[in-house]
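Chemist: Every letter in the sequence shown is one number past the one before it in the UniProt record's numbering, and letter 124, counting from 1, is 124. Here it is, the structure in full.
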Amino acid sequence: MKKEPPVDQRGRTGKDGNIGNENMKKKNRILWGSVLIIIGIITAAGMILIRRDASQENQKDAGWQAYWNDVKDDWTQISLLPGSDESKLNFAWYTPENTTDEESDPDMKALAEKMDPETADGKIPSLLIGEGKNMKKAKLYPAVQASAEGVKDSRGETYHYNYVTVSGLRENTVYYYSYDNGKGYTEPMEYRTKGFKEFSFIFAGDPQIGSPNEAKNTGSETYRKTQSEAVSRDAKGWNQTIQAAMKQTKNKASFIISAGDQIQTPQSQCPGRDVSYNEIEYTGFLSPPALRSLPAAVSVGNHDGDNTNFSYHFHMPNQSRLGRTAAAGDYYFTYGNGLFLMINAQNDDTEEHRKFIEETIRKNEDCRWRIAVLHQDIYGSALHSSEPEIISMREEMTPVLEKNKIDLVLSGHDHAYSRSKMLKGGKESDSGVKENQRVLYKNPKGILYLTGGSSSGSKYYGLAEDRQSYIAARWQENVPAYSILEAAEDTLTINTYRTDCGRKTDWEVVLEKE
């Protein structure tokens, strides 16, 4: 068999190189013509897809902006917090000093008047709740009301804040509620209870709504303009994370825990120390529509700690006089077999936190899972982790948490995700069983520390250059993220996801108790 002469890099062949080259040129022209046609088709299709994606994104932006413009000046948005246990639900909302009923839902107003004419007269706001859309077995709850001191909007309107605790809720039941916001009773909104034994919840790191505002300590007009723009962006990101998390749980999450720093501006940085300036940030935090049906347990962060209006917006269950700052004290709630200890780490009196934790556990010894939430991440992996304040808190709080057999600590502050090893005395106590991107800790003797990244995209911090010896995993790609925790009788399972695409950022982690 005759061997073919070798082909060089330019496509010429032996003696017949010129002929071969011409043939190759023809083939190349055909080939490159085809390639160019394909590239053109792909490019055109790509441009269509890009334009379509950009158009869809612009529509989303326009939709969000229209929604935000509608709610940004509404300080009467309601907040839902878990009640003291799973059968209760706490509500808080503002009403203006000068009330009307001009926007009242006629059916809700009629129902309230039928149930209690004196309560429904609008002098004291109230909340209606009943089962199903027809609100069977409806109850009317008069609010506990007090003056929202120091709060005044741009029109000069002053406000009251209102608290209601609803009790007797049944699991896996659809309720509708309506509240008097000072303009009348709202249209009824749905609230659906979940299972009371096995349940899931969302954990989110710092939303810090309004963080990009760089006009701190400037004139009020400049401050308000840049603040409004910053809040709009951050509230949109916060809304996207909540939507993504609810989709991931198939709308089965019982509540969400925020690691603290709900907003950017503490009272000390408001112009003239006027808390009215940060009200738009609370509006941004409360703006996601899902929060009308998803209770949010909020931790006090360093950007929240001196805000007197923090407690106006959030009706915290079982609030203690221990661990107090201007914002709130330590508080707790139970859900199923879980005890949730919300520690106000802005109060640096470790002894007060110790008393609160011990007293609370004595009242709830039957809770299988003990979960503490404190804003500062004492075992984090970003830049705050080496600060003297954090090191001191780590040294003081770790023995208290370990003595009281806390299973899991949820934190924020560093705006970067990290997961510690199973720790006791600051050292690894259990390496776990690792298989198929899953780590299982059976009867762990130690504490797992989880730090949430940014949940809104408002601010990110870089990871420390060297990974700390206590860290098992960490992640920072300047993308919002969230965690889903599932609590069963014997297991507590943790998964963490990116907001934008739903991809996991870490292995699944399971704590198991036999």
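Beta carbons: idealized from backbone N, C-alpha and C, even for Gly. On a predicted model such as this, the values are computed, not experimentally measured, just so you know.
If the criterion is Cβ atoms closer than 8 Å, does the pair residue 166 and residue 159 meet it?
Modeler: Residue 166 sits at position 166 when you count from the first residue of the sequence shown. Residue 159 sits at position 159 when you count from the first residue of the sequence shown. No; because the gap between Cβ atoms is not below 8 Å, this pair is not in contact.
Chemist: List the whole-angstrom C-beta distance separating residue 455 from residue 204, where the pair is believed to meet the contact cut-off of C-beta under 8 Å.
Modeler: The residue given as residue 455 occupies position 455 in the sequence shown. The residue given as residue 204 occupies position 204 in the sequence shown. Rounded, the Cβ-Cβ distance is 4 Å, consistent with contact.
Chemist: Would you give the residue range spanned by the beta strand (DSSP E) that residue 395 belongs to?
Modeler: On the sequence shown, position 395 is the one that residue 395 refers to. Premise fails: residue 395 lies in the alpha helix (DSSP H), 388-403, not in any beta strand (DSSP E).
Chemist: In its own chain, which residues sit with a C-beta less than 8 Å from the C-beta of residue 503, not counting the 5 before and 5 after it?
Modeler: Numbered from 1 along the sequence shown, position 503 holds the residue referred to as residue 503. If we look at residue 503 and ignore the five residues flanking it on each side, its Cβ neighbours are 497.
Chemist: Throw me the rounded Cβ distance for the residue 209 and residue 262 pair, which I believe falls under 8 Å.
Modeler: Against the sequence shown, residue 209 aligns to sequence position 209. Against the sequence shown, residue 262 aligns to sequence position 262. Indeed they touch by this definition, with Cβ atoms about 7 Å apart.
Chemist: Rounded to a whole number of angstroms, what is the C-alpha to C-alpha distance between residue 114 and residue 180?
Modeler: For the purposes of this step, residue 114 is taken as the residue at position 114 of the sequence shown. For the purposes of this step, residue 180 is taken as the residue at position 180 of the sequence shown. About 15 Å.
Chemist: Can you name, in chain order, every residue of its own chain whose Cβ lies under 7 Å from the Cβ of residue 281, other than the five neighbours on each side?
Modeler: For the purposes of this step, residue 281 is identified with residue 281 of the sequence shown, where counting begins at 1. Closer than 7 Å at Cβ, skipping near neighbours: 209, 210, 231, 263, 264, 265.
Chemist: Consult DSSP for residue 313 and reduce its assignment to one of helix, strand or coil.
Modeler: On the sequence shown, position 313 is the one that residue 313 refers to. Helix at residue 313.
Chemist: Consult DSSP for residue 274 and reduce its assignment to one of helix, strand or coil.
Modeler: Counted from its first residue, the sequence shown places residue 274 at position 274. Here residue 274 sits in coil by DSSP.
Chemist: Among residues of its own chain, excluding the 5 on either side of residue 308, which ones have a beta-carbon nearer than 8 Å to its beta-carbon?
Modeler: Locating residue 308 in the sequence shown gives position 308, where the first residue counts as 1. Cβ neighbours of residue 308 beyond the five flanking positions: 149, 150, 267, 275, 326, 327.
Chemist: Specify whether the stretch 73-87 and the stretch 174-193 touch according to this definition: at least 3 beta carbon pairs, one from each stretch, less than 8 Å apart.
Modeler: yes
Chemist: Identify the residues that DSSP records as bridge partners of residue 160: which are they?
Modeler: On the sequence shown, position 160 is the one that residue 160 refers to. Secondary-structure assignment with DSSP links residue 160 through a beta bridge to 95, 147.
Chemist: Mind reading off the beta-carbon distance from residue 441 to residue 423? Whole number of angstroms is fine, and I expect it under 8 Å.
Modeler: As a first step, residue 441 must be located in the sequence shown, where it is residue number 441. As a first step, residue 423 must be located in the sequence shown, where it is residue number 423. 11 Å between Cβ atoms; not a contact.
Chemist: With DSSP as the reference, label residue 2 as helix, strand or coil.
Modeler: The count along the sequence shown starts at 1 and reaches residue 2 at position 2. Note that residue 2 scores a pLDDT of 34, beneath 50, so its modelled location is shaky; the value from the coordinates is reported in the next line. It is coil, neither helix nor strand.
Chemist: Where residue 188 and residue 108 are concerned, what is the direct C-alpha to C-alpha distance, given to the nearest angstrom?
Modeler: For the purposes of this step, residue 188 is taken as the residue at position 188 of the sequence shown. For the purposes of this step, residue 108 is taken as the residue at position 108 of the sequence shown. Taking the straight line joining both Cα atoms gives about 8 Å.
Chemist: Quick test of your reading: residue 206 and residue 415, contact by CB under 8 Å. State the CB separation rounded to the nearest angstrom.
Modeler: On the sequence shown, position 206 is the one that residue 206 refers to. On the sequence shown, position 415 is the one that residue 415 refers to. With 8 Å as the limit, residue 206 and residue 415 qualify as a contact, their Cβ atoms being about 6 Å apart.
Chemist: Using the C-alpha atoms, what's the distance from residue 175 back to residue 131?
Modeler: Locating residue 131 in the sequence shown gives position 131, where the first residue counts as 1. Locating residue 175 in the sequence shown gives position 175, where the first residue counts as 1. For residue 131 and residue 175, the distance between alpha carbons rounds to 4 Å.
Chemist: Let me make sure I understand the geometry here. Which of 471, 476, 467, 444 has the alpha-carbon closest to that of residue 461?
Modeler: Here residue 461 corresponds to residue number 461 of the sequence shown, with the count starting at 1. Among 471, 476, 467, 444, the Cα nearest to that of residue 461 belongs to 476.
Chemist: For the candidate residues 336, 355, 346, whose alpha-carbon lies nearest to that of residue 519?
Modeler: Examination of residue 519 is not possible in this model, given that the chain is present from 1 through 514 alone.
Chemist: On the three-state DSSP scale, how would you describe residue 107?
Modeler: Start at 1 with the first residue of the sequence shown, and residue 107 comes out as number 107. Three-state result, residue 107: helix.
Chemist: Distance, Cα to Cα, residue 83 vs residue 288?
Modeler: Looking up residue 83 in the sequence shown gives position 83. Looking up residue 288 in the sequence shown gives position 288. When rounded, the distance between both Cα atoms is 20 Å.
Chemist: Taking the beta carbon of residue 279 as the centre, do at least 16 other beta carbons fall within 10 Å, making it buried, or is it exposed?
Modeler: Your numbering for residue 279 matches position 279 in the sequence shown. When all chains shown are included, residue 279 counts as buried.
Chemist: On a CA-only basis, which of 490, 61, 105 is nearest residue 236? Give me that one, please.
Modeler: Within the sequence shown, residue 236 is the residue found at index 236, counting from 1. The shortest Cα separation from residue 236 among 490, 61, 105 belongs to 61.
Chemist: Output the distance between the C-alpha atoms of residue 259 and residue 101, rounded to the nearest integer angstrom.
Modeler: For the purposes of this step, residue 259 is taken as the residue at position 259 of the sequence shown. For the purposes of this step, residue 101 is taken as the residue at position 101 of the sequence shown. Their backbone Cα atoms lie some 37 Å apart in a straight line.
Chemist: How about residue 322 and residue 363: do their beta carbons lie closer than 8 Å?
Modeler: Residue mapping note: residue 322 aligns to position 322 of the sequence shown, counting from 1. Residue mapping note: residue 363 aligns to position 363 of the sequence shown, counting from 1. No, these two residues do not count as a Cβ contact at 8 Å.
Chemist: Going by Cα to Cα distance, which pick from 341, 290, 271, 312 is closest to residue 299?
Modeler: By one-based count along the sequence shown, residue 299 stands at place 299. Of 341, 290, 271, 312, the residue nearest in Cα terms is 341.
Chemist: Closest to residue 505 by C-alpha separation, out of 468, 377, 437, would be which residue?
Modeler: For the purposes of this step, residue 505 is taken as the residue at position 505 of the sequence shown. For residue 505, the closest alpha carbon among the candidates 468, 377, 437 is that of 437.
Chemist: Per DSSP, which residues does residue 342 bridge with? Please list them.
Modeler: Working through the sequence shown from its first residue, we reach residue 342 at position 342. Residue 342 is bridged to 331, 373.
Chemist: Does the beta-carbon distance from residue 493 to residue 508 come in below 8 Å?
Modeler: Locating residue 493 in the sequence shown gives position 493, counting from the first residue. Locating residue 508 in the sequence shown gives position 508, counting from the first residue. Yes. Within cutoff.
Chemist: Please classify residue 435: does DSSP put it in a helix, a strand, or coil?
Modeler: Locating residue 435 in the sequence shown gives position 435, where the first residue counts as 1. DSSP places residue 435 in coil when its eight states are reduced to three.
Chemist: Taking C-beta to C-beta, are residue 92 and residue 161 nearer than 8 Å?
Modeler: Locating residue 92 in the sequence shown gives position 92, where the first residue counts as 1. Locating residue 161 in the sequence shown gives position 161, where the first residue counts as 1. Cβ distance < 8 Å, so residue 92 and residue 161 count as in contact.
Chemist: Excluding the 5 residues preceding and the 5 following residue 452 in the sequence, name in chain order all residues of the same chain whose CB lies nearer than 8 Å to its CB.
Modeler: Within the sequence shown, numbered from 1, the residue matching residue 452 stands at position 452. So the list reads 203, 204, 205, 206, 259, 410, 411, 412, 417, 481, 482, 483, once near-sequence residues are dropped.
Chemist: Mark residue 227 as exposed unless 16 or more other C-beta atoms lie within 10 angstroms of its C-beta, in which case mark it buried.
Modeler: By one-based count along the sequence shown, residue 227 stands at place 227. Classification of residue 227: buried, given that the 10 Å Cβ count is 16 or more.
Chemist: Report the rounded CA-to-CA distance for residue 164 versus residue 118, giving the unit in angstroms.
Modeler: As a position in the sequence shown, residue 164 is number 164, starting the count at 1. As a position in the sequence shown, residue 118 is number 118, starting the count at 1. Approximately 17 Å between the Cα atoms of the pair.
Chemist: Out of 128, 99, 67, which has the shortest C-alpha to C-alpha gap to residue 111?
Modeler: Mapped onto the sequence shown, residue 111 falls at position 111. Nearest option by C-alpha distance: 128.
Chemist: Do you know whose CA, among 457, 420, 240, lies nearest residue 469's CA?
Modeler: Taking the first residue of the sequence shown as 1, we reach residue 469 at position 469. Minimum Cα distance to residue 469 is reached at 420.
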